[in-house]
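Presented below is the structure to which this report refers.
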Amino acid sequence: MAEPTDVCDMLRTKAVFLNWEEEHLDKKKKFQICLYKMFGAKIIWVLHNKKPHDDQKGDNTSGKNMKWLADKASHIVLHSKSSQRYIPNYNNNRFKSIYVPHLMYERKQSRAQLATLRKKYNINENDFVFLMIGFIKP
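Numbering (the numbering used here), first residue to last: 0 to 137.
Shown next as C-alpha cells:
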C-alpha cells in the first residue's frame, strides 16, 4: 500500500486486495485502508478460514481484525461456499461475499467457461486478469 502522503497513487488505485492480513493489521494499516476506501478504491478481503492458521497472540486480535475487515470490505472473497457462515457480522456482510474457487481444489476451466465468467463479471476479453495463489509475507 502507498504511504498516506502518496495521495496521487492512492487516487489512482482502483482496488486494494487484502490476503492473510488478519494478524498484521495495526492502526497505520487500518488508517491506510480507510483512506483508500474514502478515495474510492474497492477493498477486497479474502476470508480463508474461520481463524487464521498462525493466530499466536491468543487475545482474539485476529477475530477483532476479521470483523473490522469484513465491515470495511467492499467484497469478501471465499474459496469455499460453506465459508460464508463464518463471515463476521454475517447479517450485514454476507451480501459482499464472492465465491472464487481455489485453483488448488478445482479442475481447470474450459475456454467456454472462462468466456462465460468474463461476460458475467463484465471483464473485457483483452483485459488482464491477475490471479495470486498463496500468500506474501514480509
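In this text, a Cβ means the ideal position worked out from N, Cα and C, and glycines have one as well.
Let's test the definition: count the other Cβ atoms within 10 Å of the Cβ of residue i and tell me whether it reaches 16, buried, or not, exposed.
i	result
Val45	buried
Met37	exposed
Tyr98	exposed
Tyr35	buried
Look at the alpha carbon of residue i and the alpha carbon of residue j, and state the distance between them as a whole number of angstroms.
i	j	result
His74	Asn92	9 Å
Gly39	Leu17	16 Å
Val76	Tyr85	12 Å
Ala111	Phe94	27 Å
Asn90	Ser96	12 Å
Ser79	Asn59	23 Å
Leu116	Lys41	20 Å
Lys119	Lys63	34 Å
Please check the pair residue i and residue j, which I expect to be a contact at CB under 8 Å, by giving their CB distance rounded to whole angstroms.
i	j	result
Met65	Glu124	Not quite, the Cβ-Cβ distance comes to about 36 Å (not below 8 Å), so this is no contact.
Ala69	Asn88	6 Å
Could you give the first and the last residue of the continuous beta strand (DSSP E) run that contains residue i?
i	result
Ala114	Note, Ala114: premise wrong, no beta strand (DSSP E); alpha helix (DSSP H) at 110-119.
Tell me the residue span of the alpha helix (DSSP H) that contains residue i.
i	result
Trp67	60-71
Ile86	Element bounds for Ile86: n/a, residue is neither H nor E.
Continuous beta strand (DSSP E) assignments of at least 3 residues falling wholly in the segment 1-45
Restricted to the segment 1-45, the beta strand (DSSP E) segments that are unbroken, complete and at least 3 residues in length are 14-18, listed in chain order.
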